[in-house]
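>
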Amino acid sequence: MNDTPQTMPRQSWTFSNEVNAEIRRAAHTGIYDIRGGGAKRCVPHFDDLLFLGASMSRYPLEGYREKCETGVTLGTRFASKPIELKIPITIAGMSFGSLSGPAKEALGRGASLAGTSTTTGDGGMTEEERGHSEKLVYQYLPSRYGMNPDDLRRADAIEVVVGQGAKPGGGGMLLGQKITERVAGMRDLPIGIDQRSACRHPDWTGPDDLEIKILELREITNWEKPIYIKIGGARPYYDVALSVKAGADVIVLDGMQGGTAATQDVFIENVGTPTLACIRPAVRALQDLGMHRKVQLVVSGGIRTGADVAKALALGADAVSIGTAALVALGDNDPKWEQEYRALGTTTGAYDDWHEGRDPAGITTQDPDLMARLDPVEAGRRLRNYLNVLTLECQTLARACGKSHVHNLEPEDLVALTIEAAAMAQVPLAGTDWIPGKGGF
Numbered sequence: 003m004n005d006t007p008q009t010m011p012r013q014s015w016t017f018s019n020e021v022n023a024e025i026r027r028a029a030h031t032g033i034y035d036i037r038g039g040g041a042k043r044c045v046p047h048f049d050d051l052l053f054l055g056a057s058m059s060r061y062p063l064e065g066y067r068e069k070c071e072t073g074v075t076l077g078t079r080f081a082s083k084p085i086e087l088k089i090p091i092t093i094a095g096m097s098f099g100s101l102s103g104p105a106k107e108a109l110g111r112g113a114s115l116a117g118t119s120t121t122t123g124d125g126g127m128t129e130e131e132r133g134h135s136e137k138l139v140y141q142y143l144p145s146r147y148g149m150n151p152d153d154l155r156r157a158d159a160i161e162v163v164v165g166q167g168a169k170p171g172g173g174g175m176l177l178g179q180k181i182t183e184r185v186a187g188m189r190d191l192p193i194g195i196d197q198r199s200a201c202r203h204p205d206w207t208g209p210d211d212l213e214i215k216i217l218e219l220r221e222i223t224n225w226e227k228p229i230y231i232k233i234g235g236a237r238p239y240y241d242v243a244l245s246v247k248a249g250a251d252v253i254v255l256d257g258m259q260g261g262t263a264a265t266q267d268v269f270i271e272n273v274g275t276p277t278l279a280c281i282r283p284a285v286r287a288l289q290d291l292g293m294h295r296k297v298q299l300v301v302s303g304g305i306r307t308g309a310d311v312a313k314a315l316a317l318g319a320d321a322v323s324i325g326t327a328a329l330v331a332l333g334d335n336d337p338k339w340e341q342e343y344r345a346l347g348t349t350t351g352a353y354d355d356w357h358e359g360r361d362p363a364g365i366t367t368q369d370p371d372l373m374a375r376l377d378p379v380e381a382g383r384r385l386r387n388y389l390n391v392l393t394l395e396c397q398t399l400a401r402a403c404g405k406s407h408v409h410n411l412e413p414e415d416l417v418a419l420t421i422e423a424a425a426m427a428q429v430p431l432a433g434t435d436w437i438p439g440k441g442g443f
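So for the sequence shown, my numbering puts the first residue at 3; every next one is plus one.
Spelled out as structure tokens, the structure:
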């Protein structure tokens with residue numbers, strides 16, 4: 003009998019099973035991995051912040067008797083017809099092509115029922131989305147896919163996309179299996195051929211040129227439509243400042259937890275900065291220019307709960323935008339399709355091969371049989387319910403801090419659980435008055 007103590011084998015942290023599997027996959031295929039979604043690595047996020055509810059030094063609002071308003075107006079700087087929303091939560095741009103027609107319809111239905119806006123994404127405007135969206139933002143991207151002046155005029159706002167949180171500095175992808183006859187017709191592309199979107203606009207090389215382009219868009223739309231500029235979370239202070247200089251009415255700031263239809267995994271996980279780290283520099287840029295609340299800031303990237311919404315507003319945002327969470331509300335990654343997800347080599351909650359067009363939920367696909375699984379009326383109702391819950395949760399937290407409007411939330415209402423989150427959000431570490439980088443305990 004061997005009485006020698008046995009040591010447990012140790013897995014390398016650097017060369018983990020996941021890393022080794024990716025090395026073997028790359029060696030076998032000779033091509034980088036492509037997937038959808040956002041960053042999966044753990045980074046400081048809104049969960050690392052807590053609210054300081056009212057007690058002696060603050061008085062809470064009574065939820066049954068005292069109102070807490072949630073409305074927001076976007077585009078008040080230059081547009082003659084700014085967008086009036088009932089809630090500070092919008093639907094982010096997700097393209098037709100990446101998503102199915104029924105999914106785009108469902109997004110429009112749900113957003114309209116909740117009193118907010120949805121956004122077209124790359125590839126143009128579909129009748130399903132325009133017909134069911136009370137407020138529709140039209141994305142103007144480097145690819146120019148589906149872009150035409152008539153649809154610019156039919157939109158309620160225009161969002162010039164300069165960057166995206168999942169891939170700042172990179173373009174998107176739409177593989178051939180999702181480029182059906184209809185998608186190809188809208189994008190003026192060959193059917194069934196892989197497509198890659200450009201990463202920069204062909205009409206300008208900097209903010210001075212962008213200012214000219216924005217003036218063109220204003221002339222085309224008779225100065226009625228708010229002009230948004232969407233930037234990825236990379237250098238938010240300077241990018242926001244330059245966006246203001248170029249004439250933006252609204253700035254959409256997308257952190258690295260923001261999703262994408264498809265791009266390189268190495269991009270998603272290694273480019274950009276966390277949403278939490280982006281907000282305060284962006285707000286500071288607006289404050290330094292005297293434009294905070296005059297140019298509205300919409301934050302996106304990893305928003306999941308009403309607490310996330312409230313914390314983003316407390317840090318200085320005017321509204322938030324959701325994408326991945328909206329798809330989950332529609333039915334994406336639903337456990338009822340678990341067997342089919344397993345057949346694709348994945349599982350519920352981990353499915354991210356949106357680019358392959360085989361989504362069992364019928365959302366990120368162009369397959370007619372799969373698309374038929376999604377009832378846009380029922381999915382729109384689910385999205386409406388979800389948006390209502392986010393709003394109620396945000397109101398609940400605002401009332402607990404004594405606020406009569408969610409926009410009255412402020413950094414003073416927050417503390418951080420970690421030094422990293424305290425430094426990024428520029429709020430004190432819990433139990434101290436210390437903000438990293440500002441000295442003193």
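Every residue gets a Cβ at the ideal spot worked out from N, C-alpha and C, and that includes glycine.
#1: What are the residues that DSSP puts in a beta bridge with G234?
#2: In whole angstroms, what is the alpha-carbon distance linking I270 and V45?
#3: Find the nearest neighbour of R155 within the set P62, E226, G110, judged by alpha-carbon distance.
#4: Below 8 Å on the Cβ atoms is my contact criterion, and I expect P228 with A159 to pass it. Report the Cβ-Cβ distance as a whole number of Å.
#5: Any idea which residues DSSP pairs T121 with across the strands?
#6: When you compare the stretch 59 to 68 with the stretch 403 to 410, are there three or more beta-carbon pairs, one atom per stretch, that lie closer than 8 Å?
#7: Quick one: Cα of G442 to Cα of L411, how far?
#8: What are the uninterrupted segments assigned as beta strand (DSSP E) that are 3 or more residues long and contained completely in the stretch 274 to 355, given in chain order?
#9: In the structure shown, what three-state DSSP assignment does R386 receive?
#10: Answer yes if the stretch 179 to 190 comes into contact with the stretch 231 to 247, meaning at least three C-beta pairs across the two stretches below 8 Å, and no otherwise.
#11: Within a Cβ cutoff of 6 Å, which residues of the same chain sit near L315, ignoring the five residues on either side of it in sequence?
#12: Could you check whether the stretch 427 to 436 touches the stretch 71 to 86, counting it as contact only if at least three pairs of C-beta atoms, one from each stretch, sit closer than 8 Å?
#13: Identify whether T434 lies in helix, strand or coil by the three-state DSSP scheme.
#14: How is F53 classed by DSSP in three states: helix, strand or coil?
#15: Tell me the rounded alpha-carbon separation between S135 and A321.
#16: Tell me the start and end of each unbroken alpha helix (DSSP H) in the stretch 188 to 240 that is at least 4 residues and wholly inside, in chain order.
#17: Rounded to a whole number of angstroms, what is the C-alpha to C-alpha distance between M258 and A284?
#18: For my contact list, T366 and G38 are in at a C-beta cut-off of 8 Å; report their separation, rounded to the angstrom.
#19: According to the neighbour-count rule (16 or more other Cβ atoms, all chains shown, within 10 Å of its Cβ), is Y61 buried or exposed?
#20: Taking DSSP as the reference, what is the three-state secondary structure of Q368?
#21: Quick check: the Cα distance between W206 and L54, rounded to an integer number of angstroms?
#22: Starting from V429, trace the beta strand (DSSP E) both ways and give me its first and last residue.
#23: Are the Cβ atoms of G325 and G274 separated by less than 8 Å?
#24: If you measure between the beta carbons of M448 and T265, is that distance less than 8 Å?
#25: Would the stretch 384 to 391 count as touching the stretch 115 to 125 if we require 3 or more Cβ pairs under 8 Å?
#26: Name, in chain order, the residues that DSSP records as bridge partners for M175.
#27: Is it true that the CB of P413 sits closer than 8 Å to the CB of E107?
#28: Using DSSP with H/G/I as helix, E/B as strand and the rest coil, what is T398?
#29: Using 8 Å as the threshold, is the C-beta distance between E213 and A157 below it?
#30: Nearest CA to the CA of T121: which residue from E161, S100, I305?
#31: Looking only at C-alpha atoms, which of I222, P192, P104, A287 sits nearest to L372?
#32: Three Cβ pairs or more, each shorter than 8 Å: is that satisfied between the stretch 283 to 299 and the stretch 189 to 205?
#33: Between A312 and L101, what straight-line distance do the alpha-carbon atoms span, to the nearest angstrom?
#34: Shortest alpha-carbon distance to P90 belongs to which of T393, A418, V417?
#35: Count the other CB atoms within 10 Å of the CB of W15; is the residue buried (16 or more) or exposed (fewer)?
According to the structure data:
#1: D256
#2: Going by the C-alpha atoms only, they are around 13 Å apart.
#3: Distance from the Cα of R155 is smallest, within the candidate group P62, E226, G110, for E226.
#4: That pair is a contact at about 4 Å.
#5: G95, V139
#6: Segments in contact, yes.
#7: Model confidence at G442 stands at a pLDDT of 49, short of 50, so the residue's coordinates are unreliable; what they give is reported in the following sentence. Note on geometry: alpha-carbon atoms of G442 and L411 lie some 25 Å from one another.
#8: 298 to 302, 321 to 324
#9: helix
#10: no
#11: Answer for L315: V408, L411, listed in chain order.
#12: Taking 8 Å as the limit for Cβ pairs, the verdict is that the stretch 71 to 86 does not touch the stretch 427 to 436.
#13: coil
#14: Strand, per DSSP.
#15: 18 Å
#16: 209 to 222
#17: Answer to the nearest angstrom: the Cα atoms are 15 Å apart.
#18: 7 Å
#19: exposed
#20: coil
#21: Taking the straight line from one Cα to the other gives about 46 Å.
#22: First-last for V429: undefined, no H or E at that position.
#23: no
#24: The requested residue 448 does not occur in the structure, where the chain is confined to residues 3 to 443.
#25: yes
#26: Per DSSP, R198.
#27: no
#28: In the three-state reduction of the DSSP assignment, T398 falls in the helix class.
#29: no
#30: E161
#31: P104
#32: no
#33: 28 Å
#34: T393
#35: exposed
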